[in-house]
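Enquirer: As you go down the protein sequences, you meet chains A and B in turn.
Numbers 1 to 128, taken from my numbering, label the letters of the first sequence in order.
Numbers 1 to 334, taken from my numbering, label the letters of the second sequence in order.
The following block contains the structure, expressed as structure tokens.
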Amino acid sequence: MAAAALCWALRAARQVLPSPCPRQVRSYYVDWRMLRDVKRRKMAYEHADERLRINAIRKNSILPRELQEVADKEIAALPRDSCPVRIRNRCVLTSRPRGVKRRWRLSRIVFRHFADHAQMSGVQRAMW
Amino acid sequence: STSSVLSTDKDKSAASKDSTPEGASKRQEDGAETPKQQLLDIIGNMKVEVSYRKKLQQLKASESKKQALNKLEGLDSEGSVPQGTTEDTQRGKPLNPELVKAASAIASSLPRNKKQTESELLAQLRRHEETTDKQKKGGTINIRNVISEMTVKRQTPAQRSARISGRISLELDEDDRRIRPERSSAQSVDSRSLKVGKRLNIFTKASTEPEHALKTVSSPTIWDLEFAKEVAAVTAQPPRNGFEEMIQWTKEGILWEFPIDNEVGMEDDAEFHEHIFLEKHLEGFPKEGPIRHFMELVICGLSKNPYLSVKQKVEHIEWFQKYFEEKKELLQEI
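Here you go:
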């Protein structure tokens with residue numbers, strides 16, 4: 001646990017730019033699961049329109065049922081990664097799948113770390 | 001201050017031809033009176049006349065005298081004597097004797113060359129007379145010529161209704177542009193053509209400068225691009241303060257431009273009716289049946305959608321068209 005924390009702290013530190021002029025482009029994702037998630041997001045974006053239209057035909061009480069069955073088969077034939085349900089909102093910095101706050105896209109541990117170091121704008125320790 | 005006093009006196013006065021020249025000449029002979037006094041006397045003797053034309057003339061003359069005075073007071077005496085004398089000989093029309101006397105009085109009152117100033121004033125007066133005559137005859141800009149060519153346009157009620165109906169029509173062609181209001185200007189000129197008739201010379205022809213065609217450089221070579229990149233990289237200094245950092249970010253696109261424009265990147269040139277009235281895209285579909293019903297619902301939904309552009313909506317409908325055409329055989333079986 002401590003080693004993992006140290007690991008991501010180091011990684012976070014590595015992302016700080018050594019020099020301001022040439023901007024460092026991140027070429028590695030945190031882990032393979034994050035990469036697969038990225039791929040799924042891209043595919044879902046590409047097929048989003050088609051899926052919407054085929055679903056509009058399927059979830060319909062006007063069109064004949066045979067047409068809807070054909071549409072069912074079509075949507076099942078699309079690549080599996082193109083459906084948005086497979087996307088998981090992981091932490092952006094640590095790729096943690098659970099405990100991620102949507103507003104900051106950070107896991108709870110990272111969020112707490114940054115908030116305590118006063119690096120989250122407008123975030124304060126609650127006390128009442 | 002003397003000039004201002006004189007000008008106020010002149011503005012108040014109005015002259016006539018029937019004043020007493022003898023009385024004025026008598027007064028002029030009085031050596032004891034100053035020229036200024038003489039001038040004032042002359043002006044005081046001038047009668048008030050009813051006709052406005054004379055008054056205009058006199059005002060113009062007085063204005064010219066004022067101008068001449070100012071000019072003379074400001075400038076040094078220039079060699080304009082011969083000019084004045086030639087002009088005197090050329091003009092056949094005699095000036096108002098009162099004005100002449102006034103001019104001579106003014107000239108004598110001024111400290112400069114008296115003869116010169118007198119001749120200059122007379123020349124000014126002559127010029128003004130000329131211009132007023134010209135304007136009376138209408139020589140400079142002939143408005144009559146201009147207006148004679150124009151006629152009052154009368155619209156027939158049929159034409160009027162056609163025009164109104166043309167405005168209301170929303171017919172679009174494939175490019176989503178209006179077909180109807182494409183009338184050329186020549187349509188309105190039925191009985192008269194545009195190029196017939198005398199030139200009116202109201203507008204001066206704008207000199208069309210040859211557009212300076214820049215030397216078109218052939219597409220920059222790779223070496224040029226590399227060189228430019230290198231130069232930019234070398235000269236790019238790190239930002240000295242937060243402002244420069246923000247400028248850099250704005251250039252890169254990380255930071256938005258303030259004041260925030262909500263429509264950045266959104267170039268929807270289509271009017272609202274193109275978003276809402278989408279039935280014209282439904283022409284490829286059968287007129288009755290469940291498909292038509294379905295498509296009408298689709299269109300209803302699209303018309304309420306503010307987030308899509310017109311292109312996207314049209315693509316949406318076309319996708320459905322393609323889809324249903326592919327499934328035509330299946331539909332026939334049903």
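The C-beta atom is built at its ideal place from N, Cα and C for all residues, glycine as well.
All figures in this text were calculated on a predicted structure; none of them were measured in a lab.
Name the two residues that bound the continuous alpha helix (DSSP H) containing W104/A.
Expert: Run containing W104/A: none; DSSP gives neither H nor E here.
Enquirer: Compute the beta-carbon to beta-carbon distance between R105/A and D37/A, rounded to the nearest angstrom, for a pair I have assumed lies under 8 angstroms.
Expert: Between D37/A and R105/A the Cβ distance is about 12 angstroms, and since that is not below 8 angstroms, they are no contact.
Enquirer: Quick one: which residues of the stretch 55-84 of chain A get their C-beta closer than 8 angstroms to a C-beta of chain B? List them in chain order.
Expert: Under the 8 angstroms Cβ criterion, the stretch 55-84 of chain A contributes A56, I57, N60, I62, L63, P64, E66, L67, V70.
Enquirer: Just mark E288/B as buried or exposed, buried being the case when its beta carbon has 16 or more other beta carbons within 10 Å.
Expert: The residue is exposed, with fewer than 16 neighbouring Cβ atoms inside 10 Å.
Enquirer: With burial defined as no fewer than 16 other Cβ atoms inside 10 Å of the residue's Cβ, what is the status of F320/B: buried or exposed?
Expert: By the neighbour-count rule (16 or more Cβ atoms within 10 Å), F320/B is buried.
Enquirer: So, with DSSP's three-state summary, where would you put I276/B?
Expert: Residue state, collapsed to three classes: helix.
Enquirer: Is the stretch 23-35 of chain A in contact with the stretch 57-75 of chain A, if contact means three or more CB pairs nearer than 8 angstroms?
Expert: In short, these stretches do not touch, since the Cβ pair count stays below three.
Enquirer: Cα separation between L121/B and Q135/B?
Expert: Each residue's alpha carbon lies about 21 angstroms from the other.
Enquirer: Taking 8 angstroms as the cut-off, does the stretch 264-282 of chain B touch the stretch 299-312 of chain B (at least 3 CB pairs, one atom from each stretch)?
Expert: Yes, the stretch 299-312 of chain B is in contact with the stretch 264-282 of chain B.
Enquirer: Are there 16 or more other CB atoms within 10 angstroms of the CB of K65/B, so buried, or fewer, so exposed?
Expert: Per the 10 Å Cβ criterion, buried.
Enquirer: Nearest to W32/A by alpha carbon, out of E46/A, H117/A, S95/A?
Expert: With distances taken between Cα atoms, W32/A lies closest to S95/A.
Enquirer: Quick one: is T221/B buried, meaning 16 or more other Cβ sit within 10 Å of its Cβ, or exposed?
Expert: The residue is exposed, with fewer than 16 neighbouring Cβ atoms inside 10 Å.
Enquirer: Measuring alpha carbon to alpha carbon, tell me which of K313/B, K60/B, S193/B, E98/B ends up nearest E130/B.
Expert: Answer by Cα proximity: K60/B.
Enquirer: Output the boundary residues of the alpha helix (DSSP H) element that contains S104/B.
Expert: 97-109 is the span of the alpha helix (DSSP H), which, as asked, contains S104/B.
Enquirer: Quick one, which of P97/A, A126/A, V30/A, A44/A has its alpha-carbon nearest P84/A's?
Expert: For P84/A, the nearest C-alpha among the options comes from A44/A.
Enquirer: Could you list which residues in chain A have their beta carbon closer than 8 angstroms to that of W223/B, in chain order?
Expert: In chain order: nothing, as chain A lies at least about 22 angstroms away.
Enquirer: With distance defined between alpha-carbon atoms, name the residue in L78/A, R112/A, L35/A nearest to E46/A.
Expert: E46/A has its Cα closest to that of L78/A, out of L78/A, R112/A, L35/A.
Enquirer: Would you mind listing the alpha helix (DSSP H) stretches within the stretch 268-331 of chain B that are 4+ residues and don't spill past its ends, in chain order?
Expert: As far as the stretch 268-331 of chain B is concerned, its whole alpha helix (DSSP H) runs of at least 4 residues are 272-276, 290-303, 310-326.
Enquirer: Please report the Cβ distance between P290/B and I75/A, rounded to the nearest whole angstrom; I am assuming they are in contact, meaning their Cβ atoms lie under 8 angstroms.
Expert: With 8 angstroms as the limit, P290/B and I75/A do not qualify as a contact, their Cβ atoms being about 20 angstroms apart.
Enquirer: Cα separation between H117/A and S107/A?
Expert: When rounded, the distance between both Cα atoms is 16 angstroms.
Enquirer: Are any of the Cβ atoms in chain B nearer than 8 angstroms to that of D53/A?
Expert: The question names Asp, but residue 53/A is Arg in the sequence shown. Chain B, which has a Cβ nearer than 8 angstroms to the Cβ of R53/A, makes this yes.
Enquirer: In three-state terms, what does DSSP make of P239/B?
Expert: Looking at P239/B - three-state DSSP - the assignment turns out to be coil, as it is neither helix nor strand.
Enquirer: Under 8 angstroms Cβ to Cβ from I249/B, same chain only, skipping five residues before and after it: list those, please.
Expert: Contrary to the premise, residue 249/B reads as Trp rather than Ile in this sequence. Contacts found: L255.
Enquirer: Look up G44/B in the DSSP assignment and say whether it is helix, strand or coil.
Expert: Note: G44/B maps to helix in three-state DSSP.
Enquirer: L330/B CB to nearest chain A CB: under 8 angstroms?
Expert: Yes, contact with chain A.
Enquirer: Return the CA-CA distance between Q237/B and I247/B, expressed in angstroms with no decimal places.
Expert: Going by the C-alpha atoms only, they are around 13 angstroms apart.
Enquirer: According to a CB-to-CB cut-off of less than 9 angstroms, which residues of the stretch 279-295 of chain B neighbour chain A?
Expert: Going along the stretch 279-295 of chain B in chain order, one finds P290, I291, H293, F294 with a Cβ nearer than 9 angstroms to chain A.
Enquirer: Please classify F294/B: is it buried, with 16 or more other beta-carbons within 10 angstroms of its beta-carbon, or exposed?
Expert: When all chains shown are included, F294/B counts as buried.
Enquirer: Is there a C-beta anywhere in chain A that falls below 8 angstroms from the one on E182/B?
Expert: Only weak support exists for where E182/B lies, its pLDDT of 48 falling under 50; the value from the coordinates is given anyway. No, E182/B does not count as interfacial toward chain A.
Enquirer: For E245/B, collect the residues of the same chain with a Cβ closer than 6 angstroms to its Cβ; drop the 5 residues on either side in sequence, then sort them by chain order.
Expert: The answer, listed in chain order, is P239.
Enquirer: Give me the residue from F285/B, I147/B, L331/B, E98/B with the minimum Cα distance to I317/B.
Expert: Cα-wise, what sits closest to I317/B is F285/B.
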